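Asks: Per the working numbering, numbering of the sequence shown is gapless, rising by one per residue and ending at 137.
Each residue gets a CB set at the ideal place from its N, CA and C atoms; glycine is no exception.
Only a predicted model underlies this, so the values are computations on that prediction, with no experimental measurement involved.
Quick one: the structure is below, and I'll ask about it shortly.
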Amino acid sequence: MAQKRTDDRFDWPIRLVLGWGTNLLALWLASRLIGSVGYRDFAALAIAAAVLAIVNLVVKPILTAVSCLLIIATLGVALFLINMAMVALTAWLVPGFAVGGFWSVAGAALIVWAANVLVQAAAQRTRKKRKPLT
């Protein structure tokens, strides 16, 4: 049986900051690549990244659990629709951050998803290289 690391309780601030930074970079990139994704100033972008992290932490698991059968029936496509809903909800909640139209929301959700997958893969690779504390 694998030994649990004794410093795992200190990992959450790093994961929180890493998630916020990833969302910040992904939303900025989406605003540069997709014409109808925009923000008023850096503060609005930073708040949108934080709100997206909170929405993904609170709302997304509930929607995923409720739509479990739909996710299975669509072979996971419904998960992308849930990601789109999270981006749209963030745009609705944050004044100064806007995403216009279905395809813009889809593109922004795709960019946010790809950025998070890349960062999580890199973080897991780094975590595996660390030696457990004794």
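Any idea if G103 is buried or exposed, counting beta-carbon neighbours within 10 angstroms, 16 or more meaning buried?
Replies: Residue mapping note: residue 103 aligns to position 100 of the sequence shown, counting from 1. It counts as exposed.
Asks: Just list the residues that DSSP pairs A101 with in beta bridges.
Replies: Taking the sequence shown and counting its residues from 1, one reaches residue 101 at position 98. Secondary-structure assignment with DSSP links A101 through a beta bridge to G41.
Asks: Rounded to a whole number of angstroms, what is the C-alpha to C-alpha distance between W106 and S70?
Replies: Mapped onto the sequence shown, residue 106 falls at position 103. Mapped onto the sequence shown, residue 70 falls at position 67. Their backbone Cα atoms lie some 22 Å apart in a straight line.
Asks: Take W31 and list the residues in its own chain whose beta-carbon comes closer than 7 Å to its own, dropping the five residues that flank it on each side.
Replies: One-based indexing of the sequence shown puts residue 31 at position 28. Around W31: L48.
Asks: Would you mind working out which of A29, D14, W15 sits nearest L121, comparing C-alpha positions?
Replies: Within the sequence shown, numbered from 1, the residue matching residue 121 stands at position 118. Checking every option, the nearest Cα to that of L121 belongs to A29.
Asks: Here's the rule: buried if 16 or more other CB atoms are within 10 angstroms of the residue's CB, otherwise exposed. What is V61?
Replies: Along the sequence shown, one-based indexing puts residue 61 at 58. Burial is judged here by how many other beta carbons sit within 10 angstroms of a residue's own beta carbon; V61 has fewer than 16 and is exposed.
Asks: Which residues in the same chain as A117 place their Cβ atom closer than 6 Å to its Cβ, once the five residues preceding and following it in sequence are excluded?
Replies: Locating residue 117 in the sequence shown gives position 114, counting from the first residue. Result list for A117: empty, nothing under 6 Å.
Asks: Under 8 Å between the Cβ atoms of K63 and M87?
Replies: Taking the first residue of the sequence shown as position 1, residue 63 is located at position 60. Taking the first residue of the sequence shown as position 1, residue 87 is located at position 84. The beta carbons of K63 and M87 sit no closer together than 8 Å.
Asks: When you compare each of I17, V54, W23, A68 to G99 by their alpha carbons, which one comes out closest?
Replies: On the sequence shown, residue 99 is found 96 positions in, with the first residue counted as 1. A check of alpha carbon separations from G99 across I17, V54, W23, A68 identifies V54 as the nearest.
Asks: For a test of the three-state rule: what should DSSP assign to G110, helix, strand or coil?
Replies: As a working note, residue 110 is residue 107 in the sequence shown. Three-state result, G110: helix.
Asks: Could you tell me if V108 is buried or exposed, where buried requires 16 or more neighbouring beta carbons within 10 angstroms of its beta carbon?
Replies: Numbered from 1 along the sequence shown, position 105 holds the residue referred to as residue 108. Under this definition V108 is a buried residue.
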